[in-house]
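So the protein sequences, as listed, match chains A and B.
Numbering-wise, my numbering puts 209 at position 209 of the first sequence, and it's gapless, one number per residue.
Numbering-wise, my numbering puts 607 at position 192 of the second sequence, and it's gapless, one number per residue.
Structure first, commentary second.
Number of protein chains: 2
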Amino acid sequence: MSVGIRHDDLRRRNRAMVIAAVRRAGQPSRTEIAATTGLSHSTISAISSDLIGEGILSESKPSEAGSLKRGRPQVGLGLNPEAAAVMTVVLSLNFLSVAVIDYAGQVIAEEQRRLDTLTMSRDTLVGECVAIVRRRLEDPDLDVRSVARIALAIQGITDTRARAMLWSPITPHTDIAFADILEDEFGIPATMENDCNMMAIALRRRDPDRYRDDFIAILLSHGIGMGLVLKGELFTGTHSSGGEFGHMIHQPHGALCRCGRRGCVEAYAGNYAIWRSARQMSEDAKPVADVSDADMRALASAARERDGPEREAYRKAGEALGYGLGSLFALIDPAPVAMVGVSAAAFDLIEPALREAIAQTAGGQHSKSISFDTEPNELPLIREGCAMRALTFVDQEIFAPGTQARSGLGGKNVA
Amino acid sequence: MSVGIRHDDLRRRNRAMVIAAVRRAGQPSRTEIAATTGLSHSTISAISSDLIGEGILSESKPSEAGSLKRGRPQVGLGLNPEAAAVMTVVLSLNFLSVAVIDYAGQVIAEEQRRLDTLTMSRDTLVGECVAIVRRRLEDPDLDVRSVARIALAIQGITDTRARAMLWSPITPHTDIAFADILEDEFGIPATMENDCNMMAIALRRRDPDRYRDDFIAILLSHGIGMGLVLKGELFTGTHSSGGEFGHMIHQPHGALCRCGRRGCVEAYAGNYAIWRSARQMSEDAKPVADVSDADMRALASAARERDGPEREAYRKAGEALGYGLGSLFALIDPAPVAMVGVSAAAFDLIEPALREAIAQTAGGQHSKSISFDTEPNELPLIREGCAMRALTFVDQEIFAPGTQARSGLGGKNVA
DNA sequence: CAGTATTTTTTCGAGGCTCGAAAAAATAGA
DNA sequence: TCTATTTTTTCGAGCCTCGAAAAAATACTG
């Protein structure tokens, strides 16, 4: 059950609130923070004075070059980039990408590597991840002790506690406790996140007007993934990572899905499904392991050029996505959708059938008003989301530590 | 955005926490409350002394007849039944039921009435509701001023703010702002709730071990409804009432649903759909307006006796429910399910096909471990849920009023 | 039956936190 | 230079929770 509020929690929570307000707004003045948090000026003054003293925030004199107003000018508060750093690790098909990010959110170092993730042994895969993190941490240009948190993202299913990858399409191996492995290796708190969830976090940061409290990020790539934000919070299901939109059932006893079952949305809308359908192969045909982005783009071009099996394949994908979204909207009500990934570049081919299908569903009653955004490149989004995830942890758990939140590792990571 | 915690909120929240602990536990001692809330004994002592002074709680000497332990015996704290009262109004097909409930949750008065809801005019329907409430309020045995809240429940779609019924299968009329109507008429705060959501609340109260943080209540009656609790909170979608499980798509272009669309789960599993299928009518046949409970029981008996169209109808219902649940579980992960309503009594006929279907889905990976409870009688559950809903409001908004929570009406309703 | 052990509840002072009001600081216009 | 205006800090008041100790209420013990 929810627990009572202890007296010492008060300051902790309000500290976290102030830090969050600064991270959101960029360079807010104390007065603006007071307005958004609803706390009094005196409280904001006291807390921000503490935070500046601890090197977490810093004052930045020139809030706006031409301050037109009379009176004492506002002085902006910003995050001190040197207060801490975090690291992001994004593991995707045949690709490993790491970045070190300062407390203000700027990339200060990065490294990328091609791997053959589908054929690597388990140990090699883990070893590569550990090695690339170690190289970044031991970079002489970087103060190792200042890295306060590592966030890994991977396509696939992670456990609720964000400790392990349970299953992923990019490797045949299962149940790899990446978070624990990195924590043990480097003594830095780490989490294992789902790639689509990170996309959702990044979308909210990029466009908080459109993606605020309720929205959906759908990854249209080899598989179909979803990141779902409901009532302002990432929705991750009750047990595992949840949100497996791609494996909602579109057609009972339908097309063969990569997951081995039949009729999933992904079995019609994943790259391999579009490929299979465009090649006029049977719906029972075993999904291919990978379709290159170039091949998919060629497929989309062919579909735009002439009415043929390629166009029909995209139509079927749109239909599956439309009915799936319709069912989803029946449950959660319509919300803005972002389509991300290589097939989002072919959304013009998908959209008509999608809208037609969604209009057939209870959730799509106002299908005209449902709007779709597209973003073909998922990797930058995933990294951005990871960075935000890790930084938010530092904000809340390290720089606003409370009785229950303080971990053994927390202290030493503070710069 | 979330707002800072003001100093005066502290006491308010902890008061609410203590009241909630008492409502949950029944007769907890101060020591037990301190343990469950995590607050200190001194704080609990101070708050409970206040609450007793205000007549909200009362001490009940004999906690347990034979207190085996040494030391000063615990003295139980209970809700003072006279602190307030609430009223529940349940409007279902051809039936209107009202109850007055004391602060401790006991029914102290009730009245029920048969109506012809499908043919009544809008004004008559509203008038009947207002009249029955007025009769209970003006009952000389009852102190009118002590009714602090009214909760209405109806089958159908309500708006997010719990003010109005937008659509309901029990009446042709739409957009009736029941909550506002009753508030204006009697000056008592009222809310308009969805029946399945109230079922879920009642289930949690009845069996908090099974129905705790995540569970699903499904109403198997003429239509298919759902109440969904996620992470301990009722899930009501982002805009309207949401949770329209019955209108997730089972078969694109499939059977005709009462909602006018095709292939909804309800078009296979609602009473009218089972009836239509058992009578071997076309899936395009217009849904009948009502099937009596007796007819449904006869159908179930026939299905149990021989393998024929009746049994096949239940099988199809099970399949639709199974695929629907599979898709739902793909999104939210598996959770305990309660099947409520007249067709829950025929769950033995539904379950095999349901389990077979769910095992075909990603969400049903562990379908063996998913457990179903059945409860044929929905009305008592709905009323119980309404009562809890209304009482919780009194607990939190009236007896633990804060700066933002205090309403103009709050004060005068305190007994 | 008095004394001791044990458990629950209350009391009391200390320490923190937020708030409002007032003061101080910093600037633009007159 | 003075005044108006706006932002930020300071300071005392008022609450709240907490820990420790005291008080209360009972069971055991010889």
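Glycine is no exception: its CB is placed at the ideal position from the N, C-alpha and C atoms.
Fair warning: this is a prediction, and the values are worked out from it, not measured in the lab.
When the beta-carbon positions are compared, B:A519 and B:N495 come within less than 9 Å of each other.
Looking at the DSSP output, A:A99 sits in a beta bridge with A:T88, A:E110. For A:E54, no alpha helix (DSSP H) run applies, since DSSP gives it neither H nor E. Contacts with chain B at 9 Å (Cβ-Cβ) include A:E319.
Neighbours of A:R261 across chain B, judged by C-beta separation under 7 Å: Q775, T776, A777.
Under the Cβ criterion of 9 Å, B:M580 is not counted among the residues facing chain A.
With contacts defined by Cβ atoms closer than 9 Å, B:V752 and B:L740 form a contacting pair. Take A:E375, set aside five residues on each side of it, and the residues of its chain with a beta-carbon closer than 7 Å to its own are A338, V340, A344, L381, in chain order.
The continuous stretches of alpha helix (DSSP H) do not include B:T534, and DSSP gives it neither H nor E. A distance below 6 Å between beta-carbons, with the five flanking residues on each side excluded, links A:A202 to the following residues of its chain, in chain order: L381, E384, G385.
Between the alpha carbons of A:I218 and A:M198 lies a distance of about 11 Å. With the criterion set as a beta carbon lying under 7 Å from some beta carbon of chain A, the members of the segment 632-650 of chain B are L645, in sequence order. When Cβ-Cβ separations below 9 Å define contact, B:R625 makes no contact with chain A. Burial is judged here by how many other beta carbons sit within 10 angstroms of a residue's own beta carbon; B:Q521 has fewer than 16 and is exposed. With 16 or more other Cβ atoms from the protein chains shown falling within 10 Å of its own Cβ, A:V291 counts as buried. In this structure the segment 110-123 of chain A does not touch the segment 146-163 of chain A; the number of beta carbon pairs closer than 8 Å is below three. Under the three-state reduction of DSSP, A:N14 is assigned to helix. Annotation: B:E608 has no Cβ neighbours in chain A at a cutoff of 8 Å; minimum Cβ distance is about 17 Å.
Ranking A:D284, A:T236, A:R258 by CA distance to the CA of A:S168 puts A:R258 first. A direct Cα-Cα distance of roughly 28 Å separates A:E183 from B:K646. For B:N429, the closest Cβ of chain A is nearer than 9 Å. If you look at A:E32, you'll find it isn't in any beta strand (DSSP E); it sits in the alpha helix (DSSP H) that goes 30-37. Interface with chain B (9 Å Cβ-Cβ cutoff): A:S371 is excluded.
At a cut-off of 9 Å, the C-beta of B:T503 has no neighbouring C-beta in chain A.
In the three-state scheme derived from DSSP, where H, G and I count as helix and E and B as strand, B:A566 is classed as strand. In chain order, Y323, G326, S327, T361 make up the part of chain A whose C-beta sits under 7 Å from the C-beta of B:I664. Listed in chain order, the beta strand (DSSP E) runs fully inside the segment 200-241 of chain A are 215-220, 224-230, counting runs of at least 3 residues.
Following the DSSP letters along the chain, one finds A:L77 inside the beta strand (DSSP E) bounded by residues 76-79. Counting only residues of its own chain and dropping the five nearest sequence neighbours on each side, A:D139 has a CB closer than 7 Å to the CB of A109.
B:E766: member of the alpha helix (DSSP H) spanning 762-774, first to last residue.
The beta carbon of A:A330 falls within 9 Å of a beta carbon belonging to chain B, placing the residue at that interface. Residue burial annotation: B:R677 is buried, with at least 16 other C-beta atoms found within 10 angstroms of its C-beta. Rounded to whole angstroms, the separation of the alpha carbons of B:R691 and B:A709 is 16 Å. The segment 728-735 of chain B and the segment 688-703 of chain B touch, with three or more beta-carbon pairs separated by less than 8 Å.
Following the DSSP letters along the chain, one finds A:L299 inside the alpha helix (DSSP H) bounded by residues 293-305.
Inter-residue distance for A:R15 and B:F814 is about 29 Å (C-alpha atoms, whole angstroms).
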